[in-house]
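First the structure, in the form of C-alpha cells, and then the observations on it.
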Amino acid sequence: MEKVCGDLGVPWEAKDITEDRELHDQYWEQIPVVLVDGRQHTFWRVGEDRLRKALTD
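Numbers given in my numbering equal positions in the sequence shown, counted from 1, plus 2.
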C-alpha cells in the first residue's frame, strides 16, 4: 500500500476494524482488506501490480 500509493501520489488510509463493529463484522475473516473507491479490491494478499492497475484505470 505505502509503496504503490506513494509512487502514484494516491492518498490511502489504514483502519483498525476492531474500532468499528460494522467493519469488524463484515471483514474479520479477510484481513487485510483493500478497498478502492469504496469497493473491495482484494483481501489476504495485496498484489502490487494488480493494485497499481486498479488505481490507474
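Just so you know, even glycine gets a beta-carbon here, dropped at the ideal spot from N, CA and C.
C-alpha distance - residue i paired with residue j, whole-angstrom precision
| i | j | result |
| --- | --- | --- |
| E31 | G8 | 27 Å |
| Q42 | Q28 | 11 Å |
| V6 | V36 | 13 Å |
Run of the alpha helix (DSSP H) containing residue i, from where it starts to where it stops
| i | result |
| --- | --- |
| V6 | E4 to L10 |
| T20 | Per DSSP, T20 belongs to no alpha helix (DSSP H) and is neither H nor E. |
Reference residue i; option with closest CA among the options
| i | options | result |
| --- | --- | --- |
| V38 | A16, L57, E4 and D18 | L57 |
| P34 | E15, H26, V6 and R47 | R47 |
Helix, strand or coil at residue i [DSSP, three-state]
| i | result |
| --- | --- |
| Q28 | helix |
Enclosing beta strand (DSSP E) for residue i [first to last residue]
| i | result |
| --- | --- |
| T44 | R41 to F45 |
| V48 | Run containing V48: none; DSSP gives neither H nor E here. |
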